[in-house]
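All remarks here apply to the structure that follows.
2 protein chains.
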Amino acid sequence: MRPDRRTLARLVAPWLCLGVIGSTTAAFAQDTTPAAPPRFNIVVFVADDHGQDTGAYGNTAVKTPHLDALAAEGVRFAHAYATTASCSASRSVLLTGLHNHRTAQYGHEHDYSHFQSYANLRPLPVLLQEAGYRTARIGKFHVAPADTYRFEQVLGADQRNTVDMAERTRAFVSARDARPFFLYIATSDPHRGGGTTDGTRTGPDRFGNRPEGYPGVQTVTFDPADVIVPDWLPDTPATRAELAQYYQSIARLDQGVGRMVQVLKDAGVHEQTLFVYLSDHGAAFPGAKTTVYEPGLRSPLIVRHPQARRRGVVSDAMVSWVDITPTILDAAGVNAPTYRQHIASGEVKASATLPDTHGLHGRSFLAAMRGEALSGWDEVYASHTFHEIQMYYPMRVVRDRRYKLIWNIAWQLPFPFSTDLWSSATWQAAWKGGVDSAYGRRTAGRYVQRDEFELYDLEQDPHESRNLARDPAHAQTLATYKARLRAFQERTSDPWVLKWTYQ
Amino acid sequence: MRPDRRTLARLVAPWLCLGVIGSTTAAFAQDTTPAAPPRFNIVVFVADDHGQDTGAYGNTAVKTPHLDALAAEGVRFAHAYATTASCSASRSVLLTGLHNHRTAQYGHEHDYSHFQSYANLRPLPVLLQEAGYRTARIGKFHVAPADTYRFEQVLGADQRNTVDMAERTRAFVSARDARPFFLYIATSDPHRGGGTTDGTRTGPDRFGNRPEGYPGVQTVTFDPADVIVPDWLPDTPATRAELAQYYQSIARLDQGVGRMVQVLKDAGVHEQTLFVYLSDHGAAFPGAKTTVYEPGLRSPLIVRHPQARRRGVVSDAMVSWVDITPTILDAAGVNAPTYRQHIASGEVKASATLPDTHGLHGRSFLAAMRGEALSGWDEVYASHTFHEIQMYYPMRVVRDRRYKLIWNIAWQLPFPFSTDLWSSATWQAAWKGGVDSAYGRRTAGRYVQRDEFELYDLEQDPHESRNLARDPAHAQTLATYKARLRAFQERTSDPWVLKWTYQ
Chain A
1 MRPDRRTLAR
11 LVAPWLCLGV
21 IGSTTAAFAQ
31 DTTPAAPPRF
41 NIVVFVADDH
51 GQDTGAYGNT
61 AVKTPHLDAL
71 AAEGVRFAHA
81 YATTASCSAS
91 RSVLLTGLHN
101 HRTAQYGHEH
111 DYSHFQSYAN
121 LRPLPVLLQE
131 AGYRTARIGK
141 FHVAPADTYR
151 FEQVLGADQR
161 NTVDMAERTR
171 AFVSARDARP
181 FFLYIATSDP
191 HRGGGTTDGT
201 RTGPDRFGNR
211 PEGYPGVQTV
221 TFDPADVIVP
231 DWLPDTPATR
241 AELAQYYQSI
251 ARLDQGVGRM
261 VQVLKDAGVH
271 EQTLFVYLSD
281 HGAAFPGAKT
291 TVYEPGLRSP
301 LIVRHPQARR
311 RGVVSDAMVS
321 WVDITPTILD
331 AAGVNAPTYR
341 QHIASGEVKA
351 SATLPDTHGL
361 HGRSFLAAMR
371 GEALSGWDEV
381 YASHTFHEIQ
391 MYYPMRVVRD
401 RRYKLIWNIA
411 WQLPFPFSTD
421 LWSSATWQAA
431 WKGGVDSAYG
441 RRTAGRYVQR
451 DEFELYDLEQ
461 DPHESRNLAR
471 DPAHAQTLAT
481 YKARLRAFQE
491 RTSDPWVLKW
501 TYQ
Chain B
1 MRPDRRTLAR
11 LVAPWLCLGV
21 IGSTTAAFAQ
31 DTTPAAPPRF
41 NIVVFVADDH
51 GQDTGAYGNT
61 AVKTPHLDAL
71 AAEGVRFAHA
81 YATTASCSAS
91 RSVLLTGLHN
101 HRTAQYGHEH
111 DYSHFQSYAN
121 LRPLPVLLQE
131 AGYRTARIGK
141 FHVAPADTYR
151 FEQVLGADQR
161 NTVDMAERTR
171 AFVSARDARP
181 FFLYIATSDP
191 HRGGGTTDGT
201 RTGPDRFGNR
211 PEGYPGVQTV
221 TFDPADVIVP
231 DWLPDTPATR
241 AELAQYYQSI
251 ARLDQGVGRM
261 VQVLKDAGVH
271 EQTLFVYLSD
281 HGAAFPGAKT
291 TVYEPGLRSP
301 LIVRHPQARR
311 RGVVSDAMVS
321 WVDITPTILD
331 AAGVNAPTYR
341 QHIASGEVKA
351 SATLPDTHGL
361 HGRSFLAAMR
371 GEALSGWDEV
381 YASHTFHEIQ
391 MYYPMRVVRD
401 RRYKLIWNIA
411 WQLPFPFSTD
421 LWSSATWQAA
431 WKGGVDSAYG
441 RRTAGRYVQR
451 DEFELYDLEQ
461 DPHESRNLAR
471 DPAHAQTLAT
481 YKARLRAFQE
491 RTSDPWVLKW
501 TYQ
């Protein structure tokens with residue numbers, strides 16, 4: 001991509017800024033551009049386990065007026081994908097531009113899982129701060145070490161009171177400071193939690209909803225009869241009861257988005273701010289979260305770029321969460337970091353043929369954020385290994401517009417459940433019917449015990465219900481996609497690439 | 001155990017010492033004991049992948065005069081067990097007195113495995129330092145974070161030149177300092193490494209041996225015809241060639257032990273020093289290392305206590321590496337730490353019935369180190385989960401004098417191999433014969449694909465070749481040992497205990 005004048009201005013902007021805050025290296029920039037434009041503030045708003053369940057994405061039962069308004073003013077990405085449907089792992093991807101098999105955030109950071117990213121990573125907040133941004137985070141973090149993913153400020157909040165969270169950013173957003181800001185705001189909505197509605201262990205989860213509500217938040221409830229049960233879930237009273245709770249949590253989340261936008265407007269910085277809304281991955285239902293099926297990976301991504309040329313755009317570019325950091329760095333005119341291929345001791349890399357260094361795994365789709373059409377964005381990859389540490393189930397995925405290949409590396413194991421998904425009313429209602437009971441377009445048994453390779457023709461079979469991997473008519477397709485998957489693993493230093501050779 | 005006068009003196013000694021180094025709390029001690037005896041120095045000498053292959057343990061082909069001399073002057077433990085046959089994990093156990101499912105050092109620390117222990121652990125060197133010891137380590141470390149497992153001094157060395165390693169401790173050992181010392185010296189011998197003898201990828205490993213030898217070390221070579229092939233290995237030219245290299249590495253290790261003793265004698269502190277020799281676990285051959293079979297867990301433990309009442313003792317107490325830290329703390333008169341049952345976020349513990357805090361998982365066998373007989377030491381437990389991070393294979397073990405139960409939690413998976421064990425000449429020579437080829441008392445196929453439960457009668461079947469778990473005659477025994485295993489997991493907060501209930 002050849003840089004135009006605007007791109008050049010962005011590229012040199014950090015040098016100018018560094019000049020302002022203590023250096024004198026702006027001379028170079030003055031030779032090539034008349035003046036650097038002001039740099040945008042950046043807000044990344046991250047929901048927790050929110051699928052594409054919004055009005056903007058076509059769900060007519062849930063109520064998300066603020067997210068819908070954001071989409072009307074910005075760009076909605078129809079084909080946005082997490083690379084892993086697990087909270088810690090996905091956030092490490094979002095914040096680094098690397099697949100989690102290269103961040104070492106292979107699974108949960110908290111409690112006994114205790115996965116820790118490499119201390120020498122250079123995540124987005126660090127790079128932006130070094131380039132002259134002031135940085136703050138509020139809400140769910142879930143990556144470690146904190147010093148590696150460091151923000152200048154850490155703001156306290158009740159992560160379920162999304163409106164209060166937005167309010168608590170007001171001082172940071174309004175601060176009289178010449179530097180642009182980077183704000184990372186992450187809710188716990190609409191994650192499961194807070195007990196069950198009937199008090200039993202396997203009753204419908206509350207998804208953070210409380211009978212007494214939350215101060216400043218309007219409680220929006222839903223009738224289980226009115227929810228839309230997606231094809232990948234069984235249409236049972238249990239599922240409907242849980243979806244109603246999930247929607248209520250989404251409605252609270254949505255109000256937080258609205259208040260966040262209002263805080264930007266009140267501070268007079270809305271038109272100088274790039275606003276990115278996304279979720280770490282899909283909804284906390286068996287069939288989505290912790291899987292690499294479409295409902296697990298496919299996520300909302302709605303962006304408002306202040307200099308967008310068009311409004312209310314739907315982008316069909318296939319983007320994934322490894323692209324978020326490269327894109328934001330591009331927006332800020334900051335160079336992406338380069339990493340040594342050898343990770344720690346210098347002993348191991350995935351392939352002897354790799355170069356000594358590598359850049360980020362994703363790339364910038366900034367033009368699409370401005371509402372421009374993008375070509376050449378027709379495939380995504382996914383890499384999931386753990387959720388909790390006892391949930392070892394490495395999966396690698398290549399997906400393009402037609403086919404999707406999943407490699408279940410430990411396919412011999414039953415698919416592992418997190419505690420909350422196992423005991424969920426939705427799952428238990430199906431599981432008590434045995435392995436042959438229906439669970440969406442699959443049986444419960446097929447959900448638990450999977451084939452080593454799953455190949456789907458998504459044009460013919462969008463619900464991934466007919467595995468073509470053993471179909472002789474698709475042998476060549478299978479071979480082609482296996483080769484693409486292995487090449488992906490090789491070039492991204494995936495430690496699990498050795499499983500092609502031996503156990 | 002009621003403390004005798006000597007024990008009381010040890011218990012108060014740290015208070016005295018703290019008084020010397022900056023406090024005035026010695027008054028309490030003066031009320032109860034006439035005077036604290038001088039405290040011992042402590043040397044823990046840790047070999048890398050050394051099975052019980054020494055003259056002292058009955059191997060007549062290997063040459064270990066220094067280890068044999070140590071056994072003649074001290075106590076040799078015939079039934080000493082690692083709790084996991086993986087380097088990082090086992091060292092975390094040695095240094096904390098906790099099973100590695102409670103240290104979070106679930107597998108390798110280095111490179112992409114990147115397992116890190118909990119930062120709030122209080123390992124042996126920290127406790128000893130706080131109690132007035134000066135501390136140093138030299139050689140292989142392999143646990144993280146370094147600040148958690150901190151030693152006052154870190155001495156540099158070539159971890160293969162064991163004699164030079166001992167020499168490099170001379171200044172520390174001889175230092176004019178009123179404090180007793182704790183020295184942790186860990187070799188890389190007799191680990192695999194350094195290429196193959198014939199230069200091919202699957203040729204016999206060098207085990208660190210070099211044609212040019214090591215300065216100050218006598219090179220002792222072995223004829224493959226003379227080595228003793230244990231029952232658990234196939235008697236092939238490849239195995240013999242590798243055992244000869246392994247023996248050569250052990251002979252180098254042994255010289256390091258000898259030099260270490262000499263350094264203590266030269267400094268005039270030999271009779272004030274408790275000397276503990278052990279290995280992290282068994283030998284680096286398939287069938288031992290990374291397994292929980294006897295050759296993997298059973299390890300050398302030879303101790304010279306300066307106040308031993310008898311010399312040349314063989315103890316038949318069943319001890320394991322969780323007992324090492326409690327025993328050394330006991331020897332030093334230092335209280336063992338207490339930990340909160342809830343590990344990090346406060347959300348999870350293995351059982352709601354557990355108390356809020358717990359002590360170490362092991363207990364002191366100090367009396368046995370002094371050559372006294374011990375009763376009530378008739379069972380050990382083991383807990384292994386990973387070696388490298390792609391090698392997920394959780395196993396839990398209870399073993400007493402007659403029976404051993406192994407729970408292979410992910411039994412559906414093929415047993416995973418580390419790179420070096422997979423490509424080892426010993427394994428490849430067997431594997432090329434197919435799954436039915438003999439590998440020790442098993443077939444190669446049975447080694448790779450295991451039953452969920454393995455129950456062995458070690459009196460009748462010391463080589464663990466006849467699994468009784470499906471034998472109706474042993475159903476009651478199986479049930480009894482399953483219950484013991486689960487109770488062990490419950491009381492030690494094992495995250496994998498949930499696998500009894502669901503996946």
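Those protein sequences? They're chains A and B, same order as listed.
Note that the working numbering gives residue 240 to position 240 of the first sequence, counting from 1, and the numbers run on in steps of one.
Note that the working numbering gives residue 333 to position 333 of the second sequence, counting from 1, and the numbers run on in steps of one.
Here a beta-carbon is modelled for each residue, glycine too, at the ideal position from N, C-alpha and C.
Keep in mind the model is a prediction, meaning the values are calculated, not measured.
Output needed for residue i: all residues of its chain with C-beta closer than 6 angstroms, excluding positions within five of it in sequence on either side, in chain order.
| i | result |
| --- | --- |
| B/Gly194 | Arg206 and Gly208 |
| B/Ile324 | Leu94 |
| A/Asp330 | Ser364 and Leu366 |
| A/Ala166 | Gly256, Arg259, Met260 and Val263 |
| B/Phe172 | Ala136 |
| A/Ala186 | Val46, Gly139 and Lys140 |
| A/Asn408 | Met395, Arg450 and Glu452 |
If I follow the unbroken beta strand (DSSP E) through residue i, where does it start and stop?
| i | result |
| --- | --- |
| B/Val75 | Val75 to Tyr81 |
| A/His384 | Glu379 to His384 |
| B/Arg304 | Leu301 to Arg304 |
| A/Leu278 | Thr273 to Ser279 |
| A/Ala136 | Arg134 to Gly139 |
| B/Leu183 | Phe181 to Ala186 |
| A/Arg484 | From DSSP, A/Arg484 is part of no beta strand (DSSP E) but of the alpha helix (DSSP H) over Ala475 to Arg491. |
| A/Ile42 | Asn41 to Ala47 |
Kindly identify the DSSP beta-bridge partner or partners of residue i.
| i | result |
| --- | --- |
| B/Gln159 | Per DSSP, none; premise fails for B/Gln159. |
| B/Leu455 | B/Leu405 |
| A/Met165 | The partner list for A/Met165 (beta bridge, DSSP) is empty, contrary to what the question assumes. |
| A/Val313 | A/Val75 |
| B/Thr64 | Paired residues: none, contrary to the question. |
Are the C-beta atoms of residue i and some chain A residue less than 8 angstroms apart?
| i | result |
| --- | --- |
| B/Ala444 | no |
| B/Lys140 | no |
| B/Asn408 | no |
| B/Tyr392 | yes |
| B/Phe488 | no |
| B/Leu413 | yes |
| B/Ala104 | yes |
| B/Phe453 | no |
Let's see if you can read the secondary structure: which residues bound the alpha helix (DSSP H) around residue i?
| i | result |
| --- | --- |
| B/Asp260 | At residue 260 of chain B the sequence reads Met, which differs from the Asp that was named. Pro237 to Asp266 is the extent of the alpha helix (DSSP H) around B/Met260. |
| B/Asn100 | Asn100 to Thr103 |
| B/Phe172 | Arg170 to Ser174 |
| A/Asp330 | Ile324 to Ala332 |
| A/Asp400 | Run containing A/Asp400: none in the alpha helix (DSSP H); it sits in the beta strand (DSSP E), Met395 to Asp400. |
| A/Ala368 | Leu366 to Met369 |
Is the Cβ of residue i closer than 8 angstroms to any Cβ of chain B?
| i | result |
| --- | --- |
| A/Trp500 | no |
| A/Val348 | Low confidence applies here, because A/Val348 scores a pLDDT of 45, under 50, leaving its location unreliable and the question unanswered by this model. |
| A/Ala425 | no |
| A/Phe207 | no |
| A/Pro286 | no |
Going by beta carbon distance, what residues of the same chain come within less than 7 angstroms of residue i, once the five residues before and after it are set aside?
| i | result |
| --- | --- |
| B/Leu128 | Thr135, Phe182, Ala332 and Val334 |
For the region 135-147 of chain B against the region 179-199 of chain B, do three or more pairs of beta-carbon atoms, one drawn from each stretch, fall closer than 8 angstroms, so that the two count as touching? Taking 8 angstroms as the limit for Cβ pairs, the verdict is that the region 179-199 of chain B does touch the region 135-147 of chain B.
Assess contact between the region 209-225 of chain A and the region 410-424 of chain A, defined as three or more Cβ pairs (one per stretch) separated by less than 8 angstroms. Is contact present? Output reads no: the region 410-424 of chain A does not touch the region 209-225 of chain A.
The region 160-178 of chain A in contact with the region 110-124 of chain A per 3-pair CB rule at 8 angstroms: The region 160-178 of chain A, when compared against the region 110-124 of chain A, does not touch it at the 8 angstroms Cβ threshold.
Could you check whether the region 87-101 of chain B touches the region 380-389 of chain B, counting it as contact only if at least three pairs of C-beta atoms, one from each stretch, sit closer than 8 angstroms? With a cut-off of 8 angstroms, the region 380-389 of chain B and the region 87-101 of chain B count as touching, because enough Cβ pairs lie within range.
Are there three or more Cβ pairs, one per stretch, closer than 8 angstroms when the region 57-71 of chain B is compared with the region 81-96 of chain B? Counting Cβ pairs under 8 angstroms, fewer than three are found: no touch.
Is there contact here, the region 278-285 of chain B with the region 43-52 of chain B, by at least three beta-carbon pairs under 8 angstroms? Flag = yes, the region 278-285 of chain B and the region 43-52 of chain B touch.
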